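First the structure, in the form of structure tokens, and then the observations on it.
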Ligand SMILES: C[S@@+](CC[C@H](N)C(=O)[O-])C[C@H]1O[C@@H](n2cnc3c(N)ncnc32)[C@H](O)[C@@H]1O
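Numbering (the UniProt record's numbering), first residue to last: 1 to 373.
Given below as structure tokens:
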């Protein structure tokens, strides 16, 4: 008997009975697509179904989460995102994704299957055992180069914080936020902001169990230990996070029916108050650690609150155009500081002035021009 199966046997012999959990589905008729295709690329197709059931039982014995008992880890979440094409392109060109609360890490395998270099991918979970089980499930110990980091999301000194602060472009959080109450979800949101790069375009995507008419979060007792949102409360949570961190977000959330292998959601919860809440959330403007740029002479004097400087909310950098030969420095300074907002078209010689005037007069642009000579 292989070691993994021996371990499982000893857990079961120790009295763990998965069937005591209502969300444990003893059987699986077939492995849904696209998970099946990914598994068949590494395991003989006639063995896939049995293999998935066996490995699922090992994962369930590590911790009996409904997402494992109900085979929800076969529901590839990132691929269903409306932004999937963009996500693939961004990751293929070197951006980095973190799957937080990854469990067996199926999302990474989907992305790699679709051509993303595995070393652009990170995954993190409280339980290391899930990482090994994931390697066994997908039979890819020898090829997957992704970085798996064991960490408690609430630990300020974890390896996750040490290694990935401000380094990630896209976070996936699937069936994760709903494990916690409102206040802890706020803490997680702030943690993820810290991991994401401090620039517009940084993205959080995910899905979780939602519900119709969630109680107001202020009613702590009704809100409970596992706050389940509808799109309105999800947006409200991010408004709170925005206010508390001085950041702005574009949040989109919508409801879907659960489908796929998860018959618990289809039959047990189907038609009741539960639904799948999917979301995307993009950094819009980030004011944390910003740089206030002062070019030339302002029409009115600027008023600056010393407390903001003290708290590091922004730094001030100034530059003056003075004489023409200093213009190049000024323009390059402008572009390097806020490339996403102060986009500036530049012309490399003085004749560009005429071209810029024509474009402005014809109403073809409202942009900014710099003439470098
Ligand atoms: C319900 S599972 C979801 C797994 C996977 N994202 C999916 O959609 O199939 C939640 C995962 O979060 C992890 N988790 C729970 N509490 C955590 C914490 N405090 N820090 C990090 N991960 C945690 C669990 O170990 C588990 O793997």
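Beta carbons are placed, not taken as given, at the ideal position from N, Cα and C, and that holds for glycine.
Small disclaimer: the values here were computed from a predicted structure and weren't measured.
Taking a C-beta distance under 8 Å as the contact criterion, residue 233 and residue 194 do not qualify as a contact pair. Assigned with DSSP and collapsed to three states, residue 24 falls in coil, not helix or strand.
Ranking 34, 175, 71, 181 by CA distance to the CA of residue 218 puts 181 first.
The shortest CA-to-CA distance from residue 254 to any of 37, 212, 243, 246 is the one to 212. Near ligand 1, meaning a beta-carbon closer than 5 Å to one of its heavy atoms, we find 65, 67, 73, 101, 103, 125, 126, 127, 152, 153, 174, 175. In this model, residue 191 and residue 200 are separated by some 17 Å (Cα to Cα).
DSSP places residue 248 in the strand class (E or B) of the three-state scheme.
Contact between the segment 170 to 190 and the segment 77 to 94 is present: three or more C-beta pairs spanning the two stretches fall below 8 Å. Between the alpha carbons of residue 370 and residue 361 lies a distance of about 16 Å.
Contact between the segment 78 to 86 and the segment 153 to 162 is absent: fewer than 3 CB-CB pairs across the two stretches fall below 8 Å. DSSP places residue 168 outside any beta strand (DSSP E), giving it a letter other than H or E. The DSSP-derived three-state label of residue 122 is strand.
In the structure shown, residue 177 falls within a helical segment according to DSSP collapsed to helix, strand and coil. A Cβ-Cβ distance of about 14 Å is found for the pair residue 36 and residue 55, leaving them out of contact under the 8 Å criterion. Under the DSSP assignment, residue 192 falls in the alpha helix (DSSP H) whose first and last residues are 182 to 195.
In the three-state scheme derived from DSSP, where H, G and I count as helix and E and B as strand, residue 213 is classed as coil. Annotation for residue 51: 43 place their beta carbon closer than 7 Å to its own, counting only its chain and skipping 5 residues before and after.
DSSP places residue 230 outside both helix and strand once states are collapsed to three, so it counts as coil. In this structure, the straight-line span from the alpha carbon of residue 138 to that of residue 179 is close to 26 Å. Relative to residue 31, the option among 15, 62, 73 whose CA is nearest is 73. For residue 144, there is no enclosing beta strand (DSSP E), as DSSP marks it with neither H nor E. In the displayed model, residue 205 falls within a strand according to three-state DSSP. In the assembly as shown, residue 128 is an exposed residue. Its beta-carbon has fewer than 16 other beta-carbons within 10 Å. Counting of Cβ neighbours within 10 angstroms places residue 123 among the buried residues, the total reaching 16 or more. Our two residues, residue 24 and residue 68, have alpha carbons roughly 8 Å apart in a direct line. When only Cα atoms are considered, residue 53 and residue 196 end up about 35 Å apart. Between residue 153 and residue 163 a beta carbon distance of about 14 Å is seen, past the 8 Å cut, so the two are scored as non-contacting. Residue 247 sits buried, since 16 or more C-beta atoms from the chains shown fall within 10 Å of its C-beta. Here residue 106 is buried: its Cβ has 16 or more other Cβ atoms, across all protein chains shown, within 10 Å. For residue 38, the closest alpha carbon among the candidates 347, 135, 120 is that of 135.
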